[in-house]
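Residue numbers (this note's numbering): -3 to 294.
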């Protein structure tokens, strides 16, 4: 056993320079692959949210709405008074608006009072102004055309930037006005729910404030915790800090290579200190303390 150790030590002395050089380039390559983009952003003098992080582009940060009622934590829609383009009595239009509000409530959405919205429309406010005044993200606009017992109803979902997110039209016929109102309102709300499904809408890339954009691009992990883990040799060289930020693959690599021959470990100390260590989703670990967990809204 002693002879084996002596031979190993002699071999390491003879080839130490080669091993050190290989380990150095291996460590540098791994660091650049996992944190290169964030390091480049910081070298360029990046701000908290850079253009390189596309989801946090300034043009994707919309003007924040005025403080408004919380609507019980629900997403709220303003239902605009339907436009009757056929010069008939407005009872059908009023009933359609009321049914839309009722079906929104059944779908666990919310809506401000119809009279409040109608008052803003009467004073000349457009859809974008209404969302701003009431602190909403969306309005639902409808129009009605009628020819004898035939109806064509057009609906639009308009967001707080004034863009039409979704639009469709519905045809109905008959003299049972209440049944037509109920059927069309249900179809409109059902399609709105489908459009706003987070798995299919691009809404998740639109932020209502700079704070919301930052939260989407900065890791909730604590930089202080990561720095403690990487600084302490027994955890740093084993890659515990990388397990903590959600990078188990490189964590295993550190574990089996003793912190990428200790070179990667030393580099990670500085990378973590200056806030360019990336978590498992590519977000910079910038916060000194972990972000508080916010319960998901229904």
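Every residue, glycine too, gets a C-beta built ideally from N, C-alpha and C. Small disclaimer: the values here were computed from a predicted structure and weren't measured.
Cβ-based neighbour list, residue i, same chain, cut-off 6 Å, excluding 5 preceding and 5 following
i           : result
residue 177 : 91, 92, 95
residue 99  : 181, 182, 185
residue 169 : 145, 146
residue 226 : 232, 237, 264, 265, 268
residue 167 : 148
residue 81  : 139, 141
residue 152 : 137, 160, 163
Burial state of residue i, where buried means 16 or more other Cβ atoms lie within 10 Å
i           : result
residue 160 : exposed
residue 284 : exposed
residue 119 : exposed
residue 104 : exposed
residue 26  : buried
residue 190 : exposed
residue 43  : Its pLDDT being 49, under 50, residue 43 is placed unreliably by the model, and the measurement read from it follows with that caveat. Exposed: under 16 other Cβ atoms inside 10 Å.
residue 175 : exposed
residue 287 : exposed
residue 109 : exposed
residue 132 : buried
residue 245 : exposed
residue 102 : exposed
residue 69  : exposed
Close beta carbons around residue i, own chain, < 7 Å, minus the five adjacent residues each side
i           : result
residue 308 : In this structure the chain extends from -3 to 294, so residue 308 is not present and cannot be described.
residue 114 : 77
residue 271 : 219, 280, 281, 282
residue 222 : 237, 240, 241, 268, 273, 281
residue 258 : 233
Bridge partners - residue i, DSSP secondary structure assignment
i           : result
residue 152 : 137, 163
residue 143 : 146
residue 73  : 134
residue 214 : 280
residue 169 : 146
residue 79  : 139
residue 181 : Answer is none; residue 181 lacks a bridge partner.
residue 274 : 280
residue 106 : 72
Option nearest residue i by Cα separation, candidates the options
i           : options            : result
residue 123 : 68, 188, 157       : 157
residue 78  : 234, 246, 117, 270 : 117
residue 30  : 274, 164, 282      : 274
residue 253 : 235, 242, 89       : 235
residue 215 : 109, 260, 277, 132 : 277
residue 88  : 179, 127, 112      : 179
Neighbourhood of residue i by C-beta distance below 8 Å, restricted to the same chain and skipping five residues each side
i           : result
residue 86  : 80
residue 217 : 240, 241, 242, 275, 281, 283, 286
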